[in-house]
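Since the structure comes first, as C-alpha cells, the remarks are kept for the end.
Protein chains: 4
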Amino acid sequence: MYEKTKQRVYESNIALAEKNLVILTWGNVSELTPDGKAFVIKPSGVSYDELSPEKMVIVNLDGHVIESDYRPSSDTETHRILYQSFDKIGGIVHTHSLYATSFAQARVEIPCLGTTHADHFIGNVPLTRALSKQEIEEGYEVNTGRVIVERMTQIDPEAIPAVLVAGHAPFVWGENSKKAVTNAVALEAIAQMALQTKQLTGQLGPVLESYVLQKHYTRKHGKNAYYGQ
Amino acid sequence: MYEKTKQRVYESNIALAEKNLVILTWGNVSELTPDGKAFVIKPSGVSYDELSPEKMVIVNLDGHVIESDYRPSSDTETHRILYQSFDKIGGIVHTHSLYATSFAQARVEIPCLGTTHADHFIGNVPLTRALSKQEIEEGYEVNTGRVIVERMTQIDPEAIPAVLVAGHAPFVWGENSKKAVTNAVALEAIAQMALQTKQLTGQLGPVLESYVLQKHYTRKHGKNAYYGQ
Amino acid sequence: MYEKTKQRVYESNIALAEKNLVILTWGNVSELTPDGKAFVIKPSGVSYDELSPEKMVIVNLDGHVIESDYRPSSDTETHRILYQSFDKIGGIVHTHSLYATSFAQARVEIPCLGTTHADHFIGNVPLTRALSKQEIEEGYEVNTGRVIVERMTQIDPEAIPAVLVAGHAPFVWGENSKKAVTNAVALEAIAQMALQTKQLTGQLGPVLESYVLQKHYTRKHGKNAYYGQ
Amino acid sequence: MYEKTKQRVYESNIALAEKNLVILTWGNVSELTPDGKAFVIKPSGVSYDELSPEKMVIVNLDGHVIESDYRPSSDTETHRILYQSFDKIGGIVHTHSLYATSFAQARVEIPCLGTTHADHFIGNVPLTRALSKQEIEEGYEVNTGRVIVERMTQIDPEAIPAVLVAGHAPFVWGENSKKAVTNAVALEAIAQMALQTKQLTGQLGPVLESYVLQKHYTRKHGKNAYYGQ
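Encoded structure:
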C-alpha cells in the first residue's frame, strides 16, 4: 500500500541527510499519498543510516497510523495540520539546520536580501508566535501546526513555502517531498547569507528592491516562468 | 578481559572523529565496564587512524592501569573522578570541538535558547571556575575532575550531561559511550547556534520559555517520553 | 560542432560544483568557442549530477541557440554581453557562493586586505549599481550584463576578473572557463577572509599596502611573472 | 638523491591539502635533508593532484636548485632564510588557511585563550611588521624571511612554531615537515576559536592564566612531558 510514496519519502529523507541539513535524528520528511487521504512520514528517532522504505509510516488525515510496525515521527501531528490546512502542498520537511534554526531561536524573520531568496520565497520567511503554556499542555505538536497556520493567514503557502517556529526550528514544504527538500536547502543558504550580510552592514538589510524580488520569483514560478527546461 | 567494552570504546572514539568533533588527537572517549569496577579509555596521543580495539586501555577506579601496552589518555584522572562521583553515568567524552570550546574559552555558559538544546540539556550548560595554581601543581587532571564535580553540585548529571571547563574545553557524558558521543554532537550544534543567535540579537538570548524547555526534555527523557521507538 | 569546447564547459561546470561553489542549480559556466563566434553554456535548471557534455548549449554572439535540445542558462544574455564587451575573456562563471554573495547582498565592495586577494585581483572587487525597474522590465538579463560593463568602465577586466551584482551575486571570468573557475574559488576565499578580518578589526581594513598589492599581482601575472612552471 | 626526504615532503604536502588548509595552490611544505645541507620543497604553482615525489625540488642552503626539472615554490627564499636562522627546525609549512590568514590580514596577534593554544604555542602567535617598499623591491621573499626572523628575536622558535606575516599569511614550522603540518592544523583551529571567543566576549580574551599555559605546554613538550606514548 502506497509503496511508491514510501520509496519517495525514504529517498527524500536520505537526501535531507546528504545535504547536511540533519544532525543526529533531528529532521523528518513526509509526503501526501496520491489519493490525498494519508501521508507517509519518517519513523520517530530512527537514525538515518538505519532507514529503509519499509520503515516509513503511513498516517491518515485523521491522525491514525495505518499498518506499520513503527511509531511515526513525534512531529506527525504538526505535519497533519499543515496538510489539512494548506491545499496545494504535497510534501513537508522539518529540520534543525544550523542557520535557519538560529533565526528561529533569535525570533527574527528572514527578510529578502537578495535574488537567491527571491528565487524561492516571495517575501520574508515568517516567524510564528510562541505557544502558550496551555497550548503546549493541551497538545504540543498539534498546536505547533496551528500557530504555523495562524501565522500563514494572508500568506500564500505556495509562494512562501517555509516558516520559522519561534524558539524551535523551521518547517518547509512544497508540491512534493523532493521540492520540500529543495526549499529546505534554499532556506538554509539564505539564512546563512542573511546573517553574513548583517555582519557586513550592521543590520538585516538592505532589503532587495520589490521589483527585483517579483522579477526573480516569476522567472522561476507561475505561468510566465522561463527558468529550467 | 572486557573485550566487548574495548570494542565499544574503540567504536565510540571512531564515531567521535567521524562526527568531526576531533582535530588531530584532541579528544577521547571512555566507558565503564559492565561490573562497574573499571573503565576503558583511548590511549594517549595515538592518532585516530591508528586506533584498534586492542589498543584501548583498562583503568580501574583507583586509577591503576590493568594489563595494557599503552599509556591511557592524559585526561584519565578527570574521567576517573567523574565515574566515581556521578552514579548513573557509563560513558565520558572529551573534545576540543570548535564551538563548544569557544564558549569554554570565553568562560560563558550556554543558555537554553531553543528546543534543540532542551532535547538534550534541561538548562544551561554550566561552566567550571578556573583551577588555582596550587590545584594545577598538586594534580592538574584529578583537580579538573574535582572542579567539574564542584560545579555540578545541585545539578543532575543525567539531565545536564555536559560541562565547560573554563579556559579549556567540554566534558560530556551519558549512560554509555555511544550516548556520550551523541550528547557531544548535540553540544557542538547548540554552541554554534547559540553563537549565531547572539550574532542576530546582540545577546545570548532570548532564553526559551521554561515550559517549552520542560516539554521538550520530557518528550525525549523519563517515564513519559514518547520520542523514538 | 564545438565538441571540445562542450567537453571543457562540462568539466568546468562539474569543477564548480566540486569546489562547493554551487548550491542546487545556482551556478553556470560558459566558454567562448575557438573561432570566437559563439559560446557554450550550461543548460538551464539541469542539476549537476544530470549534466553531460552533449547537454551543453551553443549560443552565438547574437544570442541565438545553435543546434541544441536544451534551453541555455537563464543568465545567457548576461554572459553574451560580457563576451561582446570584454575583448580578452574566454570563460565566465556565475555562482551564488555564500560569502561573495553576502557581499553582493550587503552591496559592499571587497577591498584588497591581503596578498591572497592581490594574487588574483589588482584592487577592489567592484559592485554594480542596482538595476532600475525599467531596465528589469525591458530585459533583466541583458541589462545585468550592461550594468556590469558600465561598472567596469576604466577597470581592466583582465586585472579585476570579477564583479558583484548588487542584491544578486558575483560574475567571474578568465581567459577560459577553467581559469574563470579558479578565479571564482579565489573570490569566495577572499570574501570569507575579508568578513573575518572585519570581525577582528571592526572595519573592512586595514587595506594592503599598494606596493605589496602590485608586487603580488605581478609575481603571478604579466611578462615578469615568476610564479608557476 | 635525498629520495626519502622527497617522499616525506610529498606526503606532507598531500597531508596539508587533506587537512583542508590549502585552497588552489596556495600552500607549500619543505623539509631539511638529513645532512642539513639542503631542503626539499614543493614545485611552484603545481596543483596538488598533480604532485608526485619526483617533482619535489631540492634547494641547497645557498639558494641553488639541485638537479630538478621544476622551479621551486616562489616562497623558497623565505623557507631558506628560516632554515638558516632557526637552528632546530627541520620542516616549514606556508598556507593561506582561512582563519589564520584573517588574523594576518587584520594584523592582530593570536593571544593564548585556552589550553588548545597552550598545547602547541607557549604564548602569542606573533605578527611581523609590514615590509617596506624598498624591502619588497630588493627581494620580496628573502626579506619576508628576514622580517620573520626579526620578529622572532627573543622568541624561541621551538616553543612558538608559527608567525603571521602582516597582510599576508602564516608560516609554521617544526622539527620535521610532518610536525610542521600538525602545527599548521593547530594554528588554524586556534585562530577560528579565538575569533569565536571574541564574538562571545567582545574582545580577544580573556587570556589563559599563565600557570595553566605553562602546565599544558610542558605536559606535551620537554623532558617532563607525559602526553603520548
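Protein chains in written order, with UniProt numbering: chain Y, 1 to 229; chain F, 1 to 229; chain A, 1 to 229; chain E, 1 to 229. Beta carbons are placed, not taken as given, at the ideal position from N, Cα and C, and that holds for glycine.
Query	Result
Neighbouring residues, chain Y, relative to A/Val-108 (Cβ below 8 angstroms)	Leu-200 and Thr-201
Chain E contact residues for A/Arg-219, given Cβ-Cβ distances below 7 angstroms	Ser-74
Span separating the alpha-carbon of A/Phe-171 from that of E/Ile-66	43 angstroms
Residues, ordered as in the chain, of the stretch 17–50 of chain Y that lie near chain F by beta-carbon distance below 7 angstroms	Ile-23, Leu-24, Trp-26, Pro-43, Ser-44, Gly-45 and Val-46
Chain-ordered neighbours of residue 284 of chain Y on chain F, where CB pairs are closer than 7 angstroms	Past the edges of chain Y, shown from 1 to 229, lies residue 284 of chain Y, and the structure says nothing about it.
Residue range of the beta strand (DSSP E) that includes E/Val-57	57–60
Residue burial classification, E/Gln-196 (beta-carbon count within 10 angstroms, cutoff 16)	buried
Secondary structure of Y/Gly-205, DSSP reduced to three states	coil
Beta-bridge pairing of A/Ile-41 - partner residues as DSSP gives them	A/Ser-30 and A/Val-57
Touching by the beta-carbon criterion (3+ pairs, under 8 angstroms), the stretch 174–186 of chain F and the stretch 72–86 of chain Y	no
Partner residues on chain E for F/Phe-103, Cβ-Cβ distance less than 9 angstroms	Gln-196, Thr-197 and Leu-200
is_contact[Y/Lys-133, chain F] using C-beta, thresh 8 angstroms	yes
Own chain partners of E/His-168 with C-beta closer than 7 angstroms, once the 5 adjacent residues on each side are dropped	Ala-104
Reference F/Val-59, options F/Met-152, F/Ile-155, F/Glu-135 and F/Lys-6, closest by Cα	F/Lys-6
Proximity winner among E/Lys-215, E/Ser-102, E/Asn-20 and E/Glu-11, relative to E/Ser-30 (alpha-carbon distances)	E/Glu-11
Pairwise C-alpha distance: E/Ile-41 and E/Val-9	7 angstroms
Neighbour flag for F/Arg-71 against chain E, beta carbons, 8 angstroms	yes
Environment of E/Asp-119 [buried if 16+ CB atoms lie within 10 Å]	buried
For F/Gly-222, the nearest candidate out of F/Ile-122, F/Thr-153, F/Tyr-140 and F/Val-149 (CA to CA)	F/Ile-122
Pair within 8 angstroms by beta-carbon distance, Y/Tyr-70 and F/Gln-229	yes
Extent of the continuous alpha helix (DSSP H) to which Y/Phe-103 belongs	98–106
Proximity test, A/Val-172 beta-carbon vs the ligand SAM heavy atom, cut-off 7 angstroms	With respect to the ligand SAM, the structure offers nothing, as it holds no ligand at all.
is_contact[A/Ile-190, chain Y] using C-beta, thresh 8 angstroms	no
Test item: CB-CB of E/Ala-189 and F/Leu-98 under 8 angstroms	yes
Listed by chain order, chain F residues near Y/His-168 by CB distance under 7 angstroms	Gly-114 and Thr-115
Partner residues on chain A for residue 246 of chain Y, Cβ-Cβ distance less than 8 angstroms	An answer regarding residue 246 of chain Y cannot be provided, because it is not within the stretch 1 to 229 covered by chain Y.
Residue-chain proximity (E/Ala-186, chain F), Cβ-Cβ < 8 angstroms	yes
Between the CA atoms of E/Trp-26 and E/Thr-33 - distance to the nearest angstrom	23 angstroms
Which listed residue (E/Ser-68, E/Ala-100, E/Pro-72 and E/Leu-16) has its alpha carbon closest to that of E/Gly-45	E/Pro-72
Residue nearest to Y/Lys-55 in terms of C-alpha spacing, selected from Y/Tyr-2, Y/Ile-92, Y/Arg-151 and Y/Lys-19	Y/Tyr-2
Residue from F/Ile-110, F/Thr-116, F/Lys-133 and F/His-96 with nearest C-alpha to F/Val-125	F/Ile-110
Proximity to E/Thr-128 [Cα-Cα], best of E/Gln-134, E/Leu-113 and E/Thr-144	E/Thr-144
Test: A/His-64 CB closer than 8 angstroms to a CB of chain Y	no
Uninterrupted beta strand (DSSP E) stretches inside the stretch 139–206 of chain A (no shorter than 3 residues)	162–164 and 170–174
Chain-ordered chain E contacts of A/Gly-228 [CB-CB under 7 angstroms]	Ser-44 and Gly-45
Backbone secondary structure at A/Leu-113 - three-state DSSP	coil
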